[in-house]
Amino acid sequence: MEVRTSPCRIRIFLYSLLLPVLLISGNEIDSLLKQGMAFLAKGQLQEAVQKFQSAVDIEPNNYQALYRKATVLLAMGRPDSAIEDLTKVIKLKPDFISAVNQRGGVYLKQCNLEKAKEDYKVVYKHEETNENKEKLDLVTNIETWFEYANNYFENNDYSNAIPYLSKTIDHCQWAPGLYKKRAKCYEETGEIQKAITDYRAVTKLASDSREIFLKVSKLNYLTGDVGSALIQIRECLKLDPDDKECFVFFKKVKKLNKLREQIEKNIEKKKWMECLEKTVEIFKAEKENERIQLDTLRYSCKCNMKAGHSTEAIRDCTEVLKNLNSDDAEVLADRAEAYILNEDYESAVNDYKRAHELDENNNAISEGLQKAQRLLKQSKKKDYYKILGLKRNAKKNDVMRAYRKLARKWHPDNFQDEEEKKKAEKMFIDIAAAKEVLTDPEKKAQFDNGQDPLDPESQQGSHAHPFQQGFHFHQGGFGGFDFGDGGSFGGFKFTFG
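What the sequence shown shows, in mature numbering (1 follows the signal peptide of the UniProt record, and there is no 0), is residues -26 to -1, 1 to 471, in sequence order.
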């Protein structure tokens, strides 16, 4: 059984504990013990043990060498080996109370309460101090707590078993069975992370922990922590590469981990459709694991948004915020961008505001909030996408197609009534302006960022756009533009191929 303690903290204690022990032996043993103490003072525990063992090899009944070796073994996290040596010491010298007290302390930490009580009784009989009496009383209290814990556990009353197990573990830190029992209680009460922590303690205390490594891996997997699940299942296979159950689960975890890595690479390379394809693979493979489904929705939320699938992105982001983490600033920002694509600027502003509250130092979120606010303000003015009847994710070909269709429809020469002609003239100017902005990458980028490149108020210091100047319309033509059908407007030629 391996128990890890802090060698730095215990080194001074061990040295002070062992130094007063008198050396009565031959010159060679005396030299070995001094060397062992020197290594101990430097914190070189393995070397110290070797020197003490060499002394024992020469003189097996040297209780000082055995005691020193046992004490260092405790510092190395080897209590079972330490107990063997302490027991030898006590047989050789029953009145060596320090060894009895030390062994009683180890038994207590291992929750071997009967043996701990026996040793502490010997210590108390030798010296009836309050400190020694308190040790006996503590063992009695732990026995009571342990009994209560077991009764609650056996009756499946896990929530009431936990506090008594915890009080027991506070003093019995080297008892893997206690951690395992409390881990089971945490599992049953839904405290999975606490269960994982206790099961991992078991793997450090127990010699063969394959079953526990598998258990921890499955719990990590259940919580969506695929990386930790992979680490734990590999530990199982290190103990036994032929363990079938561990190997089957290892393949399952490895496959999911690979899919996630591929998704992250696709996001990094901005391959949004490939990203979505991998999320579909996970959804199909992990239908029963809700946490992994939600973690995958977090990816599809972003990739759908980046791919321009606003409705799907809003759906996925909302599912994550509702069922996984309502305070996920990144998901809020992704949903805000999806709302922008959907031209729901008020919702975008609200999401960005919440994301900004959660992550004030995130420049991308701050800029996104400013953009959403500009777009909300802009939406109350002229919207070039709406003029052409397009969504914000429209491509240049979509813009040209819509422009040609609407330009034909609203050509002023198509209207004879003066009022209708005036309306058509205004519509035609707006259509032409929309086409100019949305087919020019720089102007489109400005507009998409909440600034109207044709609005003098938005473009301080810029000249008024020619479409905003006065025009003279006349029968048979339109300001000089040539439409290829006899009409002209301002010297510009319009084609409708």
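Just so you know, even glycine gets a beta-carbon here, dropped at the ideal spot from N, CA and C.
Residues of its chain near residue i, where Cβ-Cβ distance is below 7 angstroms and the 5 sequence neighbours each way are ignored
i    : result
A32  : The amino acid at residue 32 is misidentified as Ala; the sequence shows Ile. Taken in chain order, the residues that qualify are E2, I3.
S340 : H330
N134 : Y126
F221 : L211
N36  : S(-2), I3, A29, V30
P150 : V176, L179, A180
K155 : F127, L139
Q347 : V323
A123 : A135, Y138, L139, T142
A376 : L362, G363, L364
Integer Cβ distance of residue i from residue j, believed to fall under 8 angstroms
i    : j    : result
E293 : L271 : 5 angstroms
Q20  : P53  : Not quite, the Cβ-Cβ distance comes to about 17 angstroms (not below 8 angstroms), so this is no contact.
E219 : L188 : 6 angstroms
Y313 : S321 : 4 angstroms
A307 : Y326 : 7 angstroms
K345 : N423 : 6 angstroms
K91  : V113 : 5 angstroms
Q76  : T45  : 7 angstroms
K383 : F389 : With a Cβ gap of about 11 angstroms, K383 and F389 do not count as contacting.
Y98  : K107 : 6 angstroms
A56  : V80  : 6 angstroms
Other residues of its chain near residue i: CB distance less than 6 angstroms, five sequence neighbours each side excluded
i    : result
A408 : Y358, I361, L362
C159 : Y132, A135, I136
Where the alpha helix (DSSP H) through residue i begins and ends
i    : result
D308 : 303 to 315
T61  : 53 to 66
K245 : Unbroken run through K245: none, as it is neither H nor E.
L332 : 319 to 332
A407 : 392 to 413
S140 : 132 to 143
E162 : 150 to 162
K360 : 358 to 361
Simplified DSSP assignment, three categories, for residue i
i           : result
M11         : helix
Q20         : helix
R234        : helix
Q167        : helix
T197        : coil
M50         : coil
N75         : helix
F70         : coil
G282        : coil
F441        : With a pLDDT of 43 at F441, under the threshold of 50, the modelled position of that residue is not reliable, and the figure given next carries that caveat. Helix, per DSSP.
H100        : helix
S353        : helix
residue 476 : Residue 476 lies beyond the residue range present for the chain, which begins at -26 and ends at 471; the question has no answer from this structure.
R378        : helix
T430        : Here residue 430 turns out to be Pro, not Thr, going by the sequence shown. Note: P430 maps to coil in three-state DSSP.
C85         : coil
R366        : coil
D216        : coil
L298        : coil
S274        : helix
I32         : helix
S183        : coil
F389        : coil
K262        : Reading off the sequence shown, one finds Glu at residue 262, where the question assumed Lys. Coil at E262, not helix or strand.
Near the ligand ZN: residue i beta-carbon under 7 angstroms from a heavy atom
i  : result
N1 : With respect to the ligand ZN, the structure shown offers nothing to examine, as it has no ligands at all.
Residues of its chain near residue i, where Cβ-Cβ distance is below 8 angstroms and the 5 sequence neighbours each way are ignored
i    : result
D269 : G198, L298
Q9   : K25
Quiz prompt | Three CB pairs or more closer than 8 angstroms across the stretch 182 to 196 and the stretch 269 to 289 | solution = Short answer: they don't touch.
Self-check item: Validate contact between the stretch 323 to 341 and the stretch 235 to 249 using beta carbons, cut 8 angstroms, 3 pairs
Solution: No, they do not touch.
Practice problem: Inspect the CB distances between the stretch 115 to 124 and the stretch 137 to 154 and report whether three or more fall short of 8 angstroms. | Solution: The stretch 115 to 124 is in contact with the stretch 137 to 154.
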